[in-house]
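K.L.:
Before I ask anything, let me first share the structure, which is written out below as structure tokens.
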């Protein structure tokens, strides 16, 4: 036990808690860690950011999706955008409606903006992005992992 908490040895908040519980390596996180040293949430986030190798292909499908806004490194909250960029796009769509420069509704404008930004950032790719602004095919090609899908054969799609 550290010196800071040694004087609180008899305190109610420390007595029921086991001092040998392994916690997540991430600073400020006190959740119980899994096999690789991080809690489940931080492990998924590190896998999605490419800082931790996934054990199996299935782990990649449960990893957090990253924000589809170009050059953003945060994980997505809703509609594949982080909180900051989701709000910015909402404000931009509302500004277009308020100016009256379009005959489309707010929802149609917002959907069009989302659809444009959600595309894979690879040249001439028309697929939706899934991991780090790339579709599944280009993500695996960039990170040097051979795809397990028989349908993925070429990089220029």
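Numbering (our numbering), first residue to last: 642 to 798.
We put the CB at the ideal spot given by N, CA and C, even for glycine.
Remember, predicted model here, so these are calculated numbers, not experimental data.
(1) Name the two residues that bound the continuous alpha helix (DSSP H) containing residue 740.
(2) To the nearest angstrom, how far is the alpha carbon of residue 675 from that of residue 685?
(3) Which class does residue 664 belong to by DSSP, given the choice of helix, strand or coil?
(4) Can the beta-carbon of residue 762 be found closer than 8 Å to that of residue 747?
(5) Excluding the five sequence neighbours on either side, which residues of its own chain have a C-beta within less than 6 Å of the C-beta of residue 665, listed in chain order?
P.N.:
The relevant details are as follows:
(1) 724-740
(2) 11 Å
(3) strand
(4) no
(5) 672, 674, 679, 680 and 683
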